[in-house]
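*Asks:* For reference, the structure I am asking about is given below.
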Amino acid sequence: MSRRLAMLVLVAAVTGSAGSTVRAQKTELPDFPRLNVSRTYRVDPSWPKRPDGLEWDHVPGIFVDRKQQVWIFTRTDPAVQIFTTSGRHVRSWGRSVFGRPHQIKLDHQGNVWVADQGNHCVMKLTQEGKPLLVLGTRGESGDDQRHMNNPTDMVVSPSGDIFVSDGYANSRVMHFDKRGRFVKMWGKLGVRPGEFSLPHAIAMDSKGRLYVADRNNARVQVFNQKGKFLDQWRHILVPWGFCVTADDEIWACGSGPMAWRKDDVVLGVPPANQVLVKFSTTGKVLEYVVIPKGDDGKEQPGELNWVHSIAVDKDGNLYCGDINGKRAQKFVLVPATGQATKKVAKQR
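Under the numbering used here, residues 12 to 359 are what the sequence shown spells out, in order.
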C-alpha cells in the first residue's frame, strides 16, 4: 500500500464513511455532597500583636505552656518572647544571653529549658530568665560526658530526668538526672536502628517513651528511657521539630521525604515543601497537612519557609516557627463540620 493510500484510509477511519465529525457527548456530573468532612487549618495573619520595636529573626523554638502562653525563641534580642494564644504580648527577656537559640520548652514544674546551640549547652531558667542549671560546659564543645556539640533539643520527664538530643556533631542522646548529673548516653553516627544522623528534636509521651527526630535519616526513632530501641517511622517526612499533645498525639514538622543531593550538607536544606504530620504513639499517621512553601523574603501569611518548630494549644490550633521566614504563625483549626456549604451550579 502506497503512503498516499495509507493516509486516505486513516482519514476515512477518523471521519467515518459519511464524512461526519465525531463529537464529544456532554457528561452530567453527579451533584456531589458538599460536606466539610476533613479538618483544615487557616492562618491568623493578625497573630501575634507585637509591640513596636520587638523584632524577630530566625524562630527555631516555640512552645505552648499550661497557661496557654506561647513561648517564642528567636535569634535576636530579646530572644525569649511570650504571648497569649490571642496574641497579646506578655513579656520578653534574654538580651545577650544565648549564643545561637535552637529550642525552648517548659517542664512540669514550670521551669524554662533552652537548647543553646551556639554555646554548646542546655540551660534551665526561671520564667523570668534567671539561670538555675547548665548541662554541658557553656562555650566549649566536646564529645565526653561534660560537653555537648551543637545540641538541638531537650525534654524533661515528670520525675525530673533530662534527655538531650546532641545533635549536629555528636549524633547521640544524653541522659541527666534532675540535679544535672550525667547518667548515660547512646547513639552514634549511622543509619541503623539506634544510630543517628543529626538528631534534631526529642519529645516524650505520657508513658515515658522518647521520640527522636532523626533528620538526615528521614525518620522518627522511638526509645524507652533506658535507651532501648522500640520502633522507627520511615518514608513519611524529614522531621525538624516535635510536640506532644495532652492526648499523646505527636505532631512533627518538616519536609516531605527527600533524597540527598550532590551539594547537600544536611538533608532537607532547602526543603522540598513544608508538612505538618500528626502521629499516634504507634506511628499511625492521623493527619498530614501540606503548607505552601514561601520564597525567601517574599513569604505570604500562611506560607512556611524552613519550618523548624511546632506547638499546639488546648483547642488544637497550631503554632509554627520559621527559619528563613523569620516569624511565628498561628494556624487556627477549622473542624470537620459535616455540614453542606452553599450549593453551586452543576459542572457541565
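The beta-carbon is built from N, C-alpha and C at its ideal position, and this holds for glycine as well.
(1) Give me, in chain order, the residues of the same chain whose beta-carbon lies closer than 7 angstroms to that of Gly-153; leave out the 5 immediate sequence neighbours on both sides.
(2) Sort out for me which residues DSSP pairs Thr-51 with in a bridge.
(3) Looking only at C-alpha atoms, which of Ile-213, Glu-310, Phe-240, Gly-147 sits nearest to Val-194?
(4) CA-CA distance, Asn-235 and Pro-169?
(5) Where does Arg-3 fall in DSSP's three states?
(6) Mark Val-43 as exposed unless 16 or more other C-beta atoms lie within 10 angstroms of its C-beta, in which case mark it buried.
(7) Does the stretch 265-273 come within contact of the stretch 214-221, defined as at least 3 CB pairs closer than 8 angstroms?
(8) Give the DSSP-derived three-state secondary structure of Arg-338 in the structure shown.
(9) In this structure, what does DSSP give as the bridge partners for Thr-293?
(10) In chain order, what residues of the same chain lie with their CB nearer than 6 angstroms to the CB of Gln-92, ignoring the 5 residues before and after it?
(11) Which residue or residues does DSSP assign as beta-bridge partners of Asp-127?
(12) DSSP three-state call for Arg-226: helix, strand or coil?
(13) Pull up the DSSP beta-bridge partners for Ala-212, would you.
(14) Go through its chain and collect everything with a Cβ distance to Pro-303's Cβ below 6 angstroms, but skip five positions before and after it.
(15) Is the separation between the beta-carbon of Ala-322 and that of Val-75 shorter than 8 angstroms?
(16) Measuring straight from C-alpha to C-alpha, what distance separates Thr-51 and Val-70?
(17) Going by DSSP, which residues form a beta bridge with Met-269?
(18) From what residue to what residue does the beta strand (DSSP E) around Arg-167 run?
(19) Between the C-alpha atoms of Asn-284 and Pro-312, what's the straight-line distance to the nearest angstrom?
(20) State the Cα-Cα distance for the pair Lys-189 and Lys-135, rounded to the nearest angstrom.
(21) Quick check on this structure: which residue in Gln-114, Thr-96, Arg-45 has the alpha carbon closest to the alpha carbon of Trp-251?
(22) Short of 7 angstroms in beta carbon distance, which residues of its chain neighbour Pro-142, apart from the five on each side in sequence? Order them along the chain.
(23) Since Pro-71 is in the beta strand (DSSP E), which residue starts that stretch and which ends it?
(24) What does a CB cutoff of less than 6 angstroms around Val-301 pick up in its chain, not counting 5 residues either side in sequence?
(25) Report the three-state DSSP secondary structure of Phe-187 (helix, strand or coil).
(26) Answer with buried or exposed for Asp-127, where buried requires no fewer than 16 other C-beta atoms within 10 angstroms of its C-beta.
(27) Note the first and the last residue of the continuous beta strand (DSSP E) segment covering Ala-322.
*Replies:* Inspection of the coordinates gives the following:
(1) Asn-160
(2) Val-345
(3) Gly-147
(4) 15 angstroms
(5) A question about residue 3 goes unanswered here, because the residues of the chain that appear run from 12 up to 359.
(6) The sequence given here places Phe at residue 43; Val does not occur at that position. By the neighbour-count rule (16 or more Cβ atoms within 10 Å), Phe-43 is not buried but exposed.
(7) no
(8) coil
(9) None, per the DSSP bridge assignment.
(10) Ile-83, Ser-103
(11) Pro-112, Cys-132
(12) helix
(13) Ala-224
(14) Glu-314
(15) yes
(16) 24 angstroms
(17) Note: Met-269 sits in no beta bridge, so no partner.
(18) The identity of residue 167 in the sequence shown is Val, whereas the question assumes Arg. Here the beta strand (DSSP E) through Val-167 covers 162-167.
(19) 16 angstroms
(20) 11 angstroms
(21) Gln-114
(22) Met-134, Leu-136
(23) Pro-71 -> no beta strand (DSSP E), and no H or E assigned at all.
(24) Val-286
(25) strand
(26) buried
(27) 318-323
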